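In what follows, a structure is listed as structure tokens, so that the remarks can point back to it.
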Amino acid sequence: MEQAKQLLGSYLRVTQHMSRQFRSYFSQLDLTFPQALVLTVLGEEGAMPISRLARQTGSANSTVSGIVDRLEKLQLVERVRSEEDRRVIYVALTDRYRAMQEKKEPSVSAYLAGLLREVPDEEMSGICVALDKLDAALARAEE
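First residue of the sequence shown? That's 0 in numbering that gives the first Met the number 0, and the numbers climb one at a time after it.
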């Protein structure tokens, strides 16, 4: 019980720190953290349907759809109909976003890596393994 309480406290503090860091940095780029996260996933994995983008970001389809709407207005993403199946619509990055990336605006992953550069590789590996185990345990509990 005590370890679970400690884990919950650590989780809450870490998410609060990350949220403040990301909000501060990405607001300078006129992006919200969720918008930056969507752009990062698309940049790392390529065009995909909103349903997959929602899974990758841990968000609801309706939430991601709203984020994509706002990113479309900023001309950073576009919806593209699949040529194989016209019912499927992909979200893809635009040339305008790629030009922004050429200016070396970091992705969420790159920004986080910079924040954690002082954590030794061995400790980062341990954190990743522990979080993967926690994720698996929580996923099993949902089944």
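Even for Gly, the Cβ is constructed at its ideal location relative to N, Cα and C. These figures come from a predicted structure and were not determined experimentally.
On a CA-only basis, which of Gln27, Arg86, Arg95 and Asn60 is nearest Val76? Give me that one, please. Position 77 of the sequence shown, counted from the first residue, corresponds to residue 76. Comparing Cα positions, the closest option is Arg95.
So which of Glu117, Pro48, Ser26 and Leu114 has the shortest CA-CA distance to Val90? Indexing the sequence shown from 1 puts residue 90 at position 91. Nearest of Glu117, Pro48, Ser26 and Leu114 to Val90, Cα basis: Pro48.
Please give me, in chain order, every unbroken run of the alpha helix (DSSP H) with length at least 4 that falls completely inside the segment 78-137. 94-101 and 107-114
Is the beta carbon of Val13 less than 8 Å from the beta carbon of Val37? The residue you call residue 13 lines up with position 14 of the sequence shown. The residue you call residue 37 lines up with position 38 of the sequence shown. Not in contact: Val13 and Val37 (Cβ atoms no closer than 8 Å).
Exposure label - Ile5; buried when at least 16 CB within 10 Å: On the sequence shown, position 6 is the one that residue 5 refers to. Sequence check: residue 5 is Gln here, not Ile. Answer is exposed; the Cβ neighbour count stays below 16.
Cα-Cα separation, Ile126 to Leu133: To locate residue 126, count along the sequence shown from 1; it is residue 127. To locate residue 133, count along the sequence shown from 1; it is residue 134. Roughly 10 Å separates the two Cα atoms.
Rounded to the nearest angstrom, what separates Glu71 and Gln20 at their Cα positions? Counting from one through the sequence shown, the residue named residue 71 turns up at place 72. Counting from one through the sequence shown, the residue named residue 20 turns up at place 21. Their backbone Cα atoms lie some 25 Å apart in a straight line.
Report the CB separation of Arg69 from Gln15 in whole angstroms; it is logged as a contact under 8 Å. Locating residue 69 in the sequence shown gives position 70, where the first residue counts as 1. Locating residue 15 in the sequence shown gives position 16, where the first residue counts as 1. About 24 Å; that fails the 8 Å criterion.
Using the rule of at least 16 other Cβ atoms within 10 Å of the residue's Cβ for burial, across every protein chain shown, is Ala53 buried or exposed? As a working mapping, residue 53 is identified with position 54 in the sequence shown. The residue in question, Ala53, is buried, as its Cβ has 16 or more Cβ neighbours within 10 Å.
In chain order, what are the residue ranges of uninterrupted alpha helix (DSSP H) at least 4 long that sit wholly in the segment 23-67? 32-44 and 49-56
Does the Cβ-Cβ distance between Ser124 and Glu43 come in under 8 Å? Against the sequence shown, residue 124 aligns to sequence position 125. Against the sequence shown, residue 43 aligns to sequence position 44. Not closer than 8 Å, so no.
Within a Cβ cutoff of 8 Å, which residues of the same chain sit near Thr56, ignoring the five residues on either side of it in sequence? Here the question's residue 56 lines up with position 57 in the sequence shown. Closer than 8 Å at the Cβ level, and outside the excluded window around Thr56, lie Pro33, Leu36, Val37, Val40 and Val63.
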